[in-house]
Amino acid sequence: MASATEIDALLPQTQCTRCGYTGCLPYAQAIAAGEAPINQCPPGGAATIAALARLTGLPVLALDPEHGSEEPDQIAVIDESACIGCARCLPPCPVDAIIGTNRRMHTVLAALCTGCELCIAPCPVDCIRLVPRSSFEPASPRPPQAADNRRRYEARNQRIAARARQRRTLLETRKRAAGDLLSQSPSGDAAANDTCSSCAPRSEPGP
Ligand code: SF4
Ligand code: SF4
Ligand code: SF4
290 MASATEIDAL LPQTQCTRCG YTGCLPYAQA IAAGEAPINQ CPPGGAATIA ALARLTGLPV
350 LALDPEHGSE EPDQIAVIDE SACIGCARCL PPCPVDAIIG TNRRMHTVLA ALCTGCELCI
410 APCPVDCIRL VPRSSFEPAS PRPPQAADNR RRYEARNQRI AARARQRRTL LETRKRAAGD
470 LLSQSPSGDA AANDTCSSCA PRSEPGP
């Protein structure tokens with residue numbers, strides 16, 4: 290059997306999860322382990338199934354309809370007049386194809402969008418829809434390639450992991466600083482018992 294890396298190299302890297310796994314690599318690992326058939330990737334469709342069959346020596350199968358159907362390439366479009374700038378569509382995008390900040394209108398970069406649909410459900414005002422990529426020609430004549438998708442997905446994951454590390458470091462630094470303050474106070478826990486002026490109970494106004 291081929292390795293998960295070899296199988297993953299044949300997958301479209303949209304990370305859409307339609308195969309029933311959390312991304313292309315987990316699906317590739319399941320195929321390599323003999324735990325999943327090769328016909329569960331709608332974005333890859335018949336061409337990917339054929340390539341997987343050649344690589345693994347397994348028989349060609351029809352795409353499993355339980356995982357979707359092979360469709361013309363699509364991209365997401367945001368109705369910018371309806372967008373409330375909540376930014377909930379940003380984190381789910383595996384390839385960072387959406388730009389925008391809090392309380393500002395958001396936009397999809399057509400050249401990067403894989404049409405994975407992962408941004409649609411989180412939108413609270415349903416202002417994201419899929420349209421055929423062909424309606425954007427010639428600005429975006431072809432879908433992003435798997436290698437580009439993988440590179441952008443890995444860069445996104447590295448950024449998320451780096452932010453998580455920064456947050457952990459900041460939290461630990463603050464905890465240490467708070468501990469140092471307590472240990473330096475005269476009675477150990479006196480600082481914790483002090484009440485600052487803004488928290489002190491207000492005295493009732495006199496008659
Ligand atoms: S592109 Fe295919 S293999 Fe990758 S997550 Fe989507 S369905 Fe699964
Ligand atoms: S913009 Fe939406 S549909 Fe396009 S790649 Fe990002 S999450 Fe997927
Ligand atoms: S989730 Fe919807 S409303 Fe919120 S920023 Fe994205 S497109 Fe706009």
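In terms of our numbering, the sequence shown opens at residue 290 and continues consecutively. Idealized CB from N, CA, C, for every residue including glycine.
Contact between Pro383 and Gln304 is confirmed by a C-beta separation of about 4 Å, below the 8 Å threshold.
Taking His356 as the centre and dropping the five residues before and after it, the same chain places the C-beta of Arg307, Cys308, Gly309, Gln329, Pro331 closer than 7 Å to its C-beta, in chain order. Put simply, of Ala450, Tyr442, Ala365, Lys464 the residue whose alpha carbon is nearest the alpha carbon of Cys416 is Ala365. Taking a C-beta distance under 8 Å as the contact criterion, Ile296 and Ala317 qualify as a contact pair.
Taking the C-beta atoms as reference points, Val414 is found no nearer than 8 Å to Ala351. Sorting Ala336, Gln363, Thr311 by C-alpha distance to the C-alpha of Arg418 places Gln363 at the top. Secondary structure of Leu299 (DSSP, three-state): coil. Judged by the Cβ position, Val384 fails to qualify as a neighbour of ligand 3 at the 7 Å threshold, every heavy atom of the ligand being at least this far.
Here Gly323 is exposed. Its C-beta has fewer than 16 other C-beta atoms within 10 Å. Taking 7 Å as the cut-off, the C-beta of Arg454 does not count as close to any heavy atom of ligand 3. In the structure shown, Gln447 adopts helical secondary structure according to DSSP, grouped into three states.
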